[in-house]
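**Student:** Structure incoming, see below.
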Amino acid sequence: MRRLARPKPLIIFLAVIALIALIAIGQYMRLFERAWFNLHTLWQPQSSESIGLDQYRVEIEARVIDGLDDDVSALTFDPVRKSLFTVTNKNSELVELSLEGKILRRIALIGFGDPEAVEYISADTYVITDERQQRLIKIHLEADTTFLDAADAEQMTLGVHMASNKGFEGLAYDSVGKRLFVAKERNPMLIYEVHGFPHFNPEKSYAVHVINDPKRDAGMFVRDLSSLQYDERSGHLLALSDESRLILELDVGGRPLSTMSISGGRQGLKKTVPQAEGIAMDDDGTLYLVSEPNLFYVFKKPTQP
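Numbering-wise, the numbering used here puts 157 at position 157 of the sequence shown, and it's gapless, one number per residue.
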């Protein structure tokens with residue numbers, strides 16, 4: 001009778017190292033939490049209140065924004081102009097885009113530091129972030145505006161976690177609750193709620209109140225935050241993660257409801273979105289996305305019969 005050969009110690013050692021490495025990578029990328037969420041959604045029907053991000057399909061994929069060579073960062077929808085706005089952070093500009101990704105207008109930004117996000121607040125009014133200095137800068141845009149100087153604008157500095165070089169990457173605004181959501185990219189990854197800024201009545205005094213919930217934000221199974229979008233209809237927040245190649249839908253308590261992958265082969269995409277930087281949603285629920293350096297995407301839900 002032949003005896004089975006015992007595994008060699010070196011083989012066992014390498015297998016253990018490989019297992020530890022797989023577990024470490026899984027934890028680093030939040031893959032276990034993501035897998036658990038996917039299994040949970042298989043067992044439990046999706047909430048009727050959910051936007052249903054998994055149903056979206058790409059309609060415009062990786063369209064180059066002609067005339068724009070610099071890196072785009074963030075995106076917001078202007079319901080009055082029916083257009084989109086993004087910012088560039090090398091040669092700082094505020095850029096207006098059509099819903100098809102064509103440049104409509106370019107406004108030079110002076111003294112904005114490292115602009116990383118822009119958010120529509122109300123007609124002709126927006127907020128731009130300065131990532132490094134953690135400034136929120138309120139701007140007013142006229143039809144003939146050709147440049148904006150931060151020195152002339154109302155602004156505030158949050159000054160939180162200043163030791164980290166990962167600053168404010170995303171903005172979203174709740175016009176009913178008058179809340180400005182501010183995403184800190186990572187280290188730590190957080191979503192702040194800012195009440196009282198921007199201020200709309202200069203004749204009245206006001207106080208700024210900032211809220212954050214680290215325990216809630218720890219439940220987001222993504223590696224970083226690149227952009228935010230608030231959906232007025234559902235009251236839900238969309239969070240874009242470049243490193244995790246994912247868009248999360250969060251309910252009012254921060255609980256994940258649905259996800260949308262931006263990897264190749266998912267949502268009809270031929271290729272993975274290379275470096276997703278901004279998302280926006282229009283009045284019809286169409287999703288727009290920009291990726292560095294200058295790629296434009298549109299996602300829509302199929303029409304229900």
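Glycine included, every Cβ here is placed at the ideal spot set by N, Cα and C.
Are E169 and E131 close, meaning C-beta to C-beta below 8 Å?
**Tutor:** Yes. Within cutoff.
**Student:** With 16 as the cutoff for other CB atoms within 10 Å, does R245 come out buried or exposed?
**Tutor:** Label assigned to R245: buried.
**Student:** Whether or not the region 236–255 and the region 48–65 are in contact is what I'm after, with contact meaning three or more pairs of Cβ atoms, one per stretch, closer than 8 Å; do they touch?
**Tutor:** Yes, the region 48–65 touches the region 236–255.
**Student:** Using three-state DSSP, classify I211 as helix, strand or coil.
**Tutor:** Note: I211 maps to strand in three-state DSSP.
**Student:** Taking the CB atoms as reference points, tell me whether G278 and L75 lie closer together than 8 Å.
**Tutor:** It is a contact, given that the beta carbons lie within the stated cut-off.
**Student:** Within 8 Å (strictly less), CB to CB, does L94 reach chain C?
**Tutor:** Reference to chain C is not applicable here, since this structure consists of a single protein chain.
**Student:** In terms of alpha-carbon separation, which member of I191, R233, E100 and S227 lies closest to K215?
**Tutor:** Nearest C-alpha to K215: I191.
**Student:** Where does the unbroken beta strand (DSSP E) through P256 begin, and where does it stop?
**Tutor:** Run containing P256: P256 to S261, per the beta strand (DSSP E) assignment.
**Student:** Do the region 225–245 and the region 270–290 meet, that is, are 3 or more Cβ pairs less than 8 Å apart?
**Tutor:** Flag = yes, the region 225–245 and the region 270–290 touch.
**Student:** Can you give the Cα-Cα distance for K138 and D144, rounded to whole angstroms?
**Tutor:** If you take the alpha carbons of K138 and D144, they lie about 18 Å apart.
**Student:** What does the alpha-carbon distance come out to for the pair E292 and P274?
**Tutor:** In a straight line, the C-alpha of E292 is about 7 Å away from that of P274.
**Student:** So, for A123: in the same chain, excluding its five sequence neighbours on each side, which residues have a beta-carbon less than 7 Å away from its beta-carbon?
**Tutor:** Closer than 7 Å at the Cβ level, and outside the excluded window around A123, lie V80.
**Student:** State the beta-bridge partners of R216 as determined by DSSP.
**Tutor:** Its beta-bridge partners do not exist; DSSP assigns none.
**Student:** Pick helix, strand or coil for A117, following the three-state DSSP scheme.
**Tutor:** It is a strand residue.
**Student:** Would E119 pass as a contact of Y126 if the rule is Cβ separation under 8 Å?
**Tutor:** Cβ atoms of E119 and Y126: closer than 8 Å.
**Student:** Just to confirm the assignment, what range does the beta strand (DSSP E) spanning Y288 have?
**Tutor:** Its beta strand (DSSP E) spans residues L287 to S291.
**Student:** Which complete alpha helix (DSSP H) runs does the region 87–141 hold, if anything under 4 residues is left out?
**Tutor:** Taking only runs of at least 4 residues, no alpha helix (DSSP H) segment lies wholly in the region 87–141.
**Student:** Apart from the five residues on each side of it in sequence, which residues of its chain come closer than 7 Å, Cβ to Cβ, to V290?
**Tutor:** Once the five neighbours on either side are set aside, the close Cβ partners of V290 are V72, L75, T86, E277, G278 and F296.
**Student:** Classify V176: buried if its beta carbon has 16 or more other beta carbons within 10 angstroms, exposed otherwise.
**Tutor:** Exposed, because fewer than 16 other Cβ atoms sit within 10 Å of the Cβ of V176.
**Student:** Residues in its own chain within less than 7 Å of K270 by CB, not counting five upstream and five downstream?
**Tutor:** Cβ within range, chain order: E61 and G264.
**Student:** Does the beta-carbon of E185 have 16 or more other beta-carbons within 10 angstroms, so that it is buried, or is it exposed?
**Tutor:** Label assigned to E185: buried.
**Student:** Check the C-beta distance from L109 over to L158 and give it rounded, since I have them as a contact under 8 Å.
**Tutor:** Not quite, the Cβ-Cβ distance comes to about 20 Å (not below 8 Å), so this is no contact.
**Student:** If you draw a straight line from the C-alpha of P302 to the C-alpha of Y288, how long is it?
**Tutor:** Straight-line Cα distance between these residues: approximately 15 Å.
**Student:** Measuring straight from C-alpha to C-alpha, what distance separates D224 and M189?
**Tutor:** Spanning the two alpha carbons is a distance of roughly 6 Å.
**Student:** Please state whether the Cβ-Cβ distance between D299 and V64 is less than 8 Å.
**Tutor:** The question names Asp, yet the displayed sequence has Phe at residue 299. No, they are not a contact pair.
**Student:** Which residue wins for smallest C-alpha separation from N91, given the options I107, D78 and S83?
**Tutor:** With distances taken between Cα atoms, N91 lies closest to I107.
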